[in-house]
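S.K.: Supplied in structure tokens, the structure appears directly below.
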Amino acid sequence: MKKLALKAISLPKVHKEKPRFTLPQGIKIPDREKLVRMAFLWPSLLGVGIFFLLPMLVVLYYSLIDNPISHNFVFLDNFIALFNNDAFKTAATNTLTFSAIAVPLAVILAMGLAILLEAKIPFKSQFRTFFLSPMMVPVASVVLIWQVLFSHTGVFNDFLSIFGVTPIDWLKSEYSQIVVVLLFLWKNLGYNMILFMAALSNIPRDLLEVADMEGASPWFKFVQVKLRFLSPTILFVTILSLINSFKVFREVYLLTGDYPYGGLYMLQHFMNNTFRSLDYQKLASAAIVMAIAMVIIIGVLFIIENKFGKDVEG
Amino acid sequence: MMLKKKYFSRGALTVIAAIFAITFLLPTVLTVTNSFMSQTELSANYGPVFDSLKGGATTYVADKVTLKFIPDTVSFSQYATVLFKSPEYLLKFWNSVILVVPIVIGQVAVAALAAYSFMRYRGRAREILFFVYIILMLMPYQVMLVPNYLVADWTGLLNTRWSIILPGIFAPFSVFLLTKFMRRIPSSLIEAAKLDGASEWRIFTRICLPQCRSALYSIAILVFIDYWNMVEQPIILLSDPDKQPLSVYLSTINAGEVGIAFAVAVIYMIPSLLIFLHGEEYLVEGITHSGSVKG
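Protein chains in written order, with our numbering: chain A, 3 to 316; chain B, 47 to 341.
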């Protein structure tokens with residue numbers, strides 16, 4: 003025991019000797035502390051590298067070759083084939099249509115709810131809880147009710163028949179996306195609302211008071227003051243809803259299974275089928291196209307927000 | 047006059063809020079009340095709905111669907127079936143648990159370390175890395191499942207739970223969120239500890255973690271909700287039906303077992319509802335801080 007302890011103490015002395023070699027100028031060894039701080043990142047970096055970054059590079063590589071055995075570079079051939087693929091076109095159109103309907107609604111309605119809860123109404127915190135609760139309910143748990151509501155003989159049709167609308171099977175009609183949009187909104191509005199509530203409470207009170215004193219109309223106050231302060235949040239909620247709208251396959255799958263009505267055939271359905279046939283080139287090029295599309299859309303949203311909300315950010 | 051108008055608009059707003067609240071609560075409440083209906087009562091109420099859905103072709107059934115809130119007779123038999131007679135449902139529930147719990151614990155632990163590093167170490171390399179994490183976080187499943195599948199295939203993990211758990215543990219979402227929480231820790235606190243000669247590990251465990259305890263909790267809730275609800279990953283990475291979580295299995299229960307399906311649906315939402323009731327404030331705080339991509 004004693005010996006060990008002595009050894010431990012005497013060890014550092016060795017390092018006090020002159021360094022045997024000197025580093026060329028300009029190259030610095032980071033100090034120990036910096037290395038330790040960086041070491042905290044290693045587990046995450048290793049995992050992200052192995053499970054996301056490196057395979058993503060392989061995906062990029064796969065999207066540019068003809069098949070995983072012969073490895074011939076074909077450059078854009080896979081992408082051209084993909085854009086000529088009818089299933090992909092349908093899936094992309096459906097997904098984009100869905101996003102185009104669902105995302106603006108998710109942003110505007112959530113903002114509306116947040117403003118509603120900002121007004122002086124009773125039972126505020128209860129309302130917040132109620133609006134937030136769908137977020138916690140697994141979609142799989144409520145699809146049964148959704149089917150009851152929107153089936154051919156369902157409640158929604160009953161309600162519409164009061165106005166003389168002929169009943170249809172909503173999930174198998176051209177309006178099928180509406181059913182999913184409603185489920186999407188039900189699920190996501192609460193989260194978005196919380197984000198808006200936080201942003202609204204951060205608007206400086208005195209600014210609104212000044213606007214009041216200057217005799218600004220509520221509409222002017224909303225557009226010129228509130229909306230400007232909300233614009234970073236609007237951007238974030240839009241991006242978030244966009245990502246969530248890409249995830250809507252989950253709802254569609256649970257409602258209608260593997261083979262939905264045409265209007266509900268989403269990009270994830272396309273990917274599932276391609277996974278089944280293990281067509282690596284198609285998978286890889288589709289993933290790359292979607293990644294690029296995502297980056298472009300988010301980039302554009304950032305630019306728009308930068309222009310609009312510039313004067314309020316410090 | 048002015049006052050009257052104010053009261054009127056307040057009343058109108060309350061009514062609007064109430065209508066929304068009812069709409070939001072309805073599906074959940076209906077699922078719960080329906081789970082106490084017997085199979086015969088459910089068949090009488092909804093029979094046509096599920097027959098036409100699972101039968102594929104739409105056959106028009108004249109019977110009207112009656113939506114009932116309160117069961118004629120409260121029945122517990124479907125719960126008894128699920129809990130005691132048919133073990134497959136509990137098995138799927140257990141599948142969900144052993145997929146989600148390691149992901150939640152692992153992701154929060156890995157993210158706490160990484161976020162500490164991102165907070166303490168500032169430089170150009172860090173900026174770039176953090177940006178990469180954000181981009182990865184924003185990628186939809188359709189994109190990320192392809193690399194995940196490839197890795198699972200290479201390592202022979204395909205069709206094992208690890209093919210979902212491992213990518214789940216390293217998902218960058220928590221890193222992003224926790225970094226934002228940790229940057230709010232006053233730097234004077236850390237500087238003081240450093241002057242007292244505390245090591246980085248000590249600063250991390252004694253100052254950083256206690257300071258963001260509520261953040262860890264709220265992130266754990268967010269991660270839990272996300273994975274408790276998962277559908278995409280198991281469909282692609284776990285082809286063995288025996289290993290699939292309840293979320294996927296629920297959609298395959300057929301029309302003859304609607305009563306059981308409702309009971310299973312309720313059992314499935316109990317853990318997340320309990321967490322919600324217990325941790326709503328944390329959840330709200332977590333969401334609030336996810337609120338800006340910048341900074």
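The beta carbon of each residue, even a glycine, is placed where N, CA and C say it ideally should be. Predicted model only: the values in this text are computed from it and were never measured.
For A:V181 versus A:F152, is the C-beta distance shorter than 8 Å?
M.R.: yes
S.K.: CA-CA distance, A:K189 and A:A108?
M.R.: Counting only the Cα atoms, A:A108 lies some 10 Å from A:K189.
S.K.: According to DSSP, simplified to helix, strand and coil, what is A:F186?
M.R.: helix
S.K.: Mind listing the chain A neighbours of B:N275? Cutoff is C-beta to C-beta under 8 Å, in chain order.
M.R.: P140, V141, A142, R252
S.K.: At the level of alpha carbons, what is the spacing between B:V294 and B:L136?
M.R.: 14 Å
S.K.: Compare the C-alpha of A:F186 against each of A:A289, A:A41, A:L244 and name the closest.
M.R.: Closest by alpha carbon: A:L244.
S.K.: Take every Cβ of the stretch 303-310 of chain B, pair it with every Cβ of the stretch 118-131 of chain B, and state whether three or more of those distances are shorter than 8 Å.
M.R.: yes
S.K.: Label B:E327 either buried or exposed according to how many other C-beta atoms from any shown protein chain fall within 10 Å of its C-beta, with 16 as the threshold for buried.
M.R.: Residue burial annotation: B:E327 is exposed, with fewer than 16 other C-beta atoms found within 10 angstroms of its C-beta.
S.K.: What ranges does the alpha helix (DSSP H) occupy inside the stretch 124-169 of chain A, keeping only unbroken runs of at least 4 residues that lie completely in it?
M.R.: 126-134, 141-152, 157-163
S.K.: For A:E211, count neighbouring C-beta atoms within 10 Å of its own C-beta (all shown protein chains included) and say buried if the count is 16 or more, exposed if not.
M.R.: exposed
S.K.: Quick one: residues in its chain with C-beta nearer than 8 Å to the C-beta of B:D286, no 5 flanking neighbours on either side, listed in chain order?
M.R.: N205
S.K.: Can A:P136 and B:Y314 be called in contact, C-beta distance under 8 Å?
M.R.: no
S.K.: Using a beta-carbon distance below 8 Å, is A:A108 in contact with chain B?
M.R.: no
S.K.: With 8 Å as the threshold, decide whether the Cβ of B:R56 is near any Cβ in chain A.
M.R.: yes
S.K.: Does the beta-carbon distance from A:A288 to A:L98 come in below 8 Å?
M.R.: no
S.K.: What number of angstroms, rounded off, separates the C-alpha of A:I196 from the C-alpha of A:D33?
M.R.: 43 Å
S.K.: So, for B:S260: in the same chain, excluding its five sequence neighbours on each side, which residues have a beta-carbon less than 8 Å away from its beta-carbon?
M.R.: Y328, E331
S.K.: Does the contact criterion of 3 or more C-beta pairs under 8 Å hold for the stretch 114-122 of chain B versus the stretch 241-254 of chain B?
M.R.: no
S.K.: Quickly, what does DSSP pair A:I67 with across the bridge? List them, please.
M.R.: A:I67 is bridged by DSSP to A:F75.
S.K.: Which runs of the alpha helix (DSSP H) spanning at least 4 residues fall entirely within the stretch 160-234 of chain B, listed in chain order?
M.R.: 170-184, 187-201, 208-215, 219-228
S.K.: Take the Cβ of B:N194 as the centre, count every other Cβ of all protein chains shown within 10 Å, and call the residue buried at 16 or more, exposed below.
M.R.: buried
S.K.: For B:E40, return the contacting residues in chain A, with the cut-off set at a CB-CB distance below 7 Å.
M.R.: Residue 40 of chain B lies beyond the range of chain B shown here (47 to 341); nothing can be said about it.
S.K.: Please report the Cβ distance between B:L223 and B:H335, rounded to the nearest whole angstrom; I am assuming they are in contact, meaning their Cβ atoms lie under 8 Å.
M.R.: 6 Å
S.K.: Which residues bound the alpha helix (DSSP H) around A:V254?
M.R.: 251-258
S.K.: So which residues on chain B does A:E317 lean against when the C-beta distance must stay under 8 Å?
M.R.: For residue 317 of chain A there is no data in the structure shown, the boundaries of chain A being 3 and 316.
S.K.: Suppose the cutoff is 6 Å on Cβ atoms and the five residues either side in sequence are ignored; what does the same chain contact list for B:M83 look like?
M.R.: Closer than 6 Å at the Cβ level, and outside the excluded window around B:M83, lie P117.
S.K.: Compile a chain-ordered list of the residues in the stretch 173-197 of chain B whose CB is closer than 8 Å to at least one CB of chain A.
M.R.: Legend: CB atoms of the stretch 173-197 of chain B lying less than 8 Å from CB atoms of chain A belong to residues L175, V178, Y179, I181, L182, L184, M185, P186, Y187, Q188, V189, M190, L191, V192, P193, N194, Y195, L196, V197.
S.K.: When we look at the beta-carbon of A:K128 and count the other beta-carbons within 10 Å, is it buried (16 or more) or exposed?
M.R.: Residue identity differs from the one stated: residue 128 of chain A is Gln in this sequence, not Lys. Around the beta carbon of A:Q128, a 10 Å sphere encloses fewer than 16 other beta carbons of the protein chains shown; the residue is thus reported as exposed.
S.K.: Answer yes if the stretch 52-61 of chain A comes into contact with the stretch 213-231 of chain B, meaning at least three C-beta pairs across the two stretches below 8 Å, and no otherwise.
M.R.: Taking 8 Å as the limit for Cβ pairs, the verdict is that the stretch 52-61 of chain A does touch the stretch 213-231 of chain B.
S.K.: Cβ of A:L62 within 8 Å of Cβ of A:F75?
M.R.: no
S.K.: Any idea if B:V61 is buried or exposed, counting beta-carbon neighbours within 10 angstroms, 16 or more meaning buried?
M.R.: exposed
S.K.: In chain A, which residues lie less than 7 Å from B:M83 when you measure between Cβ atoms?
M.R.: Under the 7 Å cutoff, chain A gives no residues; its nearest Cβ is about 12 Å from B:M83.
S.K.: In this structure, does DSSP put A:K122 in helix, strand or coil?
M.R.: coil
S.K.: Quick one: what's got a C-beta closer than 8 Å to A:F77's C-beta in the same chain, skipping five residues either side?
M.R.: L66
S.K.: I need the boundaries of the alpha helix (DSSP H) containing B:E303, first residue and last residue.
M.R.: No alpha helix (DSSP H) holds B:E303; DSSP gives it neither H nor E.
S.K.: For the 8 Å Cβ check, are there 3 or more pairs between the stretch 255-265 of chain A and the stretch 166-181 of chain A?
M.R.: yes
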